[in-house]
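Chemist: For reference, the structure I am asking about is given below.
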Amino acid sequence: MKLLIVFAALLSISHCFTKMYLQKGKSIRERLEEEGLLEEFLQENPVIPVSKYSAVPSGSNELLINHFDSMYYGIITIGTPPQSFKVLFDTGSSNLWLPSINCQSPACTNHATFAPNASSTFQATNRVFYIVYSSGSMHGTLGYDTVKVADIVVPKQEFGLSVSEPGNAFYYAPFDGIVGLAYPSIASGKATPLFDNMMSQHLVSQDLFSFYLNRIPSTGPQAVLTFGGIDPSYYTGAIQWVPVTSQSYWQVNVDSVKINGQVVACSSVCKAILDTGTSLMIGSSDAISSILKLVGLSLQSNGMYAASCDNLDKMPDVVFTINGLDFPMPSYAYTMPVSGGLCKSGFGHTGDFWILGEVFMREYYSIFDRGNNRVGLAKAVEFA
């Protein structure tokens, strides 16, 4: 009888987690396209996704480049009484930052800003932070306050308050700020990341979090971020576990990338970063050029690689082999429907390593396990 009680208690703990439902908004790219400003913006601000990982930041500098195509965001509150903000939960960076009420940049005028004087629990510091991104640099100050994510309350969380956000990138962002979920080793100013405080304060039952990104958001939730657990209602089959190879970003080794059994990239293993702050699957220019040609995605008059959506059934899978395990990406997963009956490419190119962004994670429920330094991947469910 005693064993049954213990087992029941353990079972209860294993299912104790906090779910946060995320919303899918229009990306910066989509906003610029709608207003006819995309071409001019790209000429002035070349988007280089891989630059986000080009160096490990030192001191108070954090390289934070591309959230250009990111679309999923959630609501958090900071302060007493609480002030609400839309934030991007980013596994490719480690800092929490928000616009300050003292920021006069255009990007701060159309987003929610934090008012330190309105919070009785805010603690200021004399430390500054800098964030470098594609169209300039952001700077501000660091402070502490109470952060609430869903029903998790984290007291004395350090976060950045921007006082300058030059350029237009964040002006068109659907989110106000960013919550970094990578390792503390890359945190600007040596700030403790939000999830690290959740772990150290025993606010989660397991030292992991997981993402479900719905490929068809009109069915079921648009996206769900689960803190402290794994929700079996969002995946099918077994979870495949892959070790993290660098405790900075969520980096894993890709053994190869194949199409119809032929290796088309990563013939001698390459590194890849799972990043919710990047939309596309990104590899080297040569690798992506080969993949686009082999799957039948061709350059359109508007500069976009696409194919007729009617041809998806004829297009082959792109198979990522990670730690000896195959993760196929069918044509419906690596393309996205746009106007005119076309399905555009979900691939991007630059750099000498891979970024597995939202396109990949819409196909695979993704678990980020800090307790064991590993990533779990399982086939994401599709809601009818």
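In case it helps, mature numbering (1 follows the signal peptide of the UniProt record, and there is no 0) puts the sequence shown at residues -16 to -1, 1 to 368. All C-beta atoms, glycine included, are put in the ideal place defined by N, C-alpha and C.
CB-CB under 6 Å to Ala91, same chain, minus the five flanking residues each way: which ones, in chain order?
Modeler: Counting only Cβ-Cβ distances below 6 Å, and skipping sequence neighbours, we find Glu149, Phe154, Tyr155.
Chemist: May I ask you to list the residues that DSSP assigns as paired with Leu209?
Modeler: Answer by DSSP bridge pairing, in chain order: Met4, Phe195.
Chemist: Quick test of your reading: Thr97 and Ile85, contact by CB under 8 Å. State the CB separation rounded to the nearest angstrom.
Modeler: The Cβ separation is near 4 Å, so the contact holds.
Chemist: What whole-angstrom Cβ distance do Phe352 and Ser194 have, given they're in contact under 8 Å?
Modeler: Contact flag correct, Cβ pair sits at about 7 Å.
Chemist: Do the region 320 to 330 and the region 286 to 306 meet, that is, are 3 or more Cβ pairs less than 8 Å apart?
Modeler: Cβ pair count under 8 Å is three or more, so yes.
Chemist: Could you name each continuous beta strand (DSSP E) segment of 3 residues or more that falls completely within the region 297 to 339, going from the start of the chain to the end?
Modeler: Listed in chain order, the complete beta strand (DSSP E) runs (minimum 3 residues) inside the region 297 to 339 are 302 to 306, 309 to 313, 319 to 321, 326 to 329, 331 to 333.
Chemist: Using only alpha-carbon positions, find the residue among Cys250, Val236, Thr262 that is nearest to Ile275.
Modeler: Nearest of Cys250, Val236, Thr262 to Ile275, Cα basis: Cys250.
Chemist: Grab me the residues of Asn357's own chain with a C-beta within less than 8 Å of its C-beta, minus the 5 sequence neighbours each way, in chain order.
Modeler: For Asn357, where only same-chain residues beyond five positions count, the Cβ hits under 8 Å are Pro227, Val228, Gln231.
Chemist: Would you kindly check if the distance between the Cβ of Val303 and the Cβ of Asp297 is under 9 Å?
Modeler: Cβ distance not < 9 Å, so Asp297 and Val303 don't count as in contact.
Chemist: In angstroms with no decimal places, state the Cα-to-Cα distance between Gln235 and Ser172.
Modeler: When rounded, the distance between both Cα atoms is 19 Å.
Chemist: Please state the DSSP three-state secondary structure of Cys92.
Modeler: Note: Cys92 maps to helix in three-state DSSP.
Chemist: Check the DSSP bridge columns for Met265 and list the partner residues they point to.
Modeler: According to DSSP, Met265 bridges with Phe331, Leu340.
Chemist: Are Leu197 and Ala364 close, meaning C-beta to C-beta below 9 Å?
Modeler: Yes, they are a contact pair.
Chemist: Tell me the DSSP secondary structure of Tyr57 in three-state form.
Modeler: Three-state DSSP puts Tyr57 in a strand.
Chemist: How far does the alpha helix (DSSP H) with Phe179 in it extend, from its first residue to its last?
Modeler: Per DSSP, Phe179 belongs to the alpha helix (DSSP H) from 178 to 184.
Chemist: Can you tell me the Cβ-Cβ gap for Gly76 and Asp259, rounded? I've got them flagged as a contact below 8 Å.
Modeler: Going by Cβ atoms, the distance from Gly76 to Asp259 rounds to 4 Å, so yes, they are a contact pair.
Chemist: Tell me which residues share the same chain as Ser240 and place their Cβ nearer than 6 Å to its Cβ, disregarding the 5 neighbours each side in the sequence.
Modeler: Excluding residues within five positions, the ones whose Cβ falls inside 6 Å are Val247, Cys250, Thr305.
Chemist: For Pro66, tell me which candidate among Tyr57, Gln224, Gln88, Ala102 has the shortest Cα-Cα distance.
Modeler: The option with the nearest alpha carbon to Pro66 is Ala102.
Chemist: Measure the alpha-carbon distance for Thr109 versus Ser202 and round it to whole angstroms.
Modeler: So the two alpha carbons sit approximately 44 Å from each other.
Chemist: Under a three-way DSSP split, which group does Glu142 fall into?
Modeler: Three-state result, Glu142: strand.
Chemist: Below 9 Å between beta carbons: does that hold for Tyr56 and Gln185?
Modeler: Not a contact, by the Cβ cut-off of 9 Å.
Chemist: Do you know offhand how far Asn181's Cα is from Val138's?
Modeler: Going by the C-alpha atoms only, they are around 7 Å apart.
Chemist: Would you give the residue range spanned by the beta strand (DSSP E) that Arg354 belongs to?
Modeler: No beta strand (DSSP E) holds Arg354; DSSP gives it neither H nor E.
Chemist: Could you tell me which residues DSSP puts in a beta bridge with Leu278?
Modeler: In the DSSP output, where bridge partners are listed per residue, Leu278 has none listed.
Chemist: In whole angstroms, what separates the C-alpha of Gly330 from that of Ile200?
Modeler: If you take the alpha carbons of Gly330 and Ile200, they lie about 15 Å apart.
Chemist: Can you give me the C-alpha to C-alpha distance between Asn237 and Leu340, rounded to a whole angstrom?
Modeler: When rounded, the distance between both Cα atoms is 12 Å.
Chemist: By a C-beta neighbour count over all protein chains shown, 10 Å radius and 16 as the cutoff for buried, is Leu264 buried or exposed?
Modeler: The residue in question, Leu264, is buried, as its Cβ has 16 or more Cβ neighbours within 10 Å.
Chemist: Provide the residue span of the beta strand (DSSP E) that contains Pro158, from first to last.
Modeler: Looking at the DSSP string, Pro158 is not in any beta strand (DSSP E), and its letter there is neither H nor E.
Chemist: What are the start and end residues of each continuous beta strand (DSSP E) run of 3 or more residues lying completely inside the region 223 to 265, in chain order?
Modeler: Runs of the beta strand (DSSP E) inside the region 223 to 265: 234 to 243, 246 to 249, 254 to 258.
Chemist: Between Pro216 and Phe1, what straight-line distance do the alpha-carbon atoms span, to the nearest angstrom?
Modeler: Taking the straight line from one Cα to the other gives about 12 Å.
Chemist: Rounded to the nearest angstrom, what separates Arg346 and Tyr219 at their Cα positions?
Modeler: Cα to Cα, the separation comes out at about 11 Å.
Chemist: Would you kindly work out how many angstroms separate the C-alpha atoms of Asp191 and Val112, rounded to a whole number?
Modeler: Taking the straight line from one Cα to the other gives about 30 Å.
Chemist: Could you tell me the alpha carbon to alpha carbon distance between Ile272 and Lys242, rounded to whole angstroms?
Modeler: Between Ile272 and Lys242, the C-alpha separation is close to 12 Å.
Chemist: Please report how far the alpha carbon of Asp74 lies from the alpha carbon of Met4, in whole angstroms.
Modeler: Asp74 and Met4: Cα-Cα distance of roughly 14 Å.
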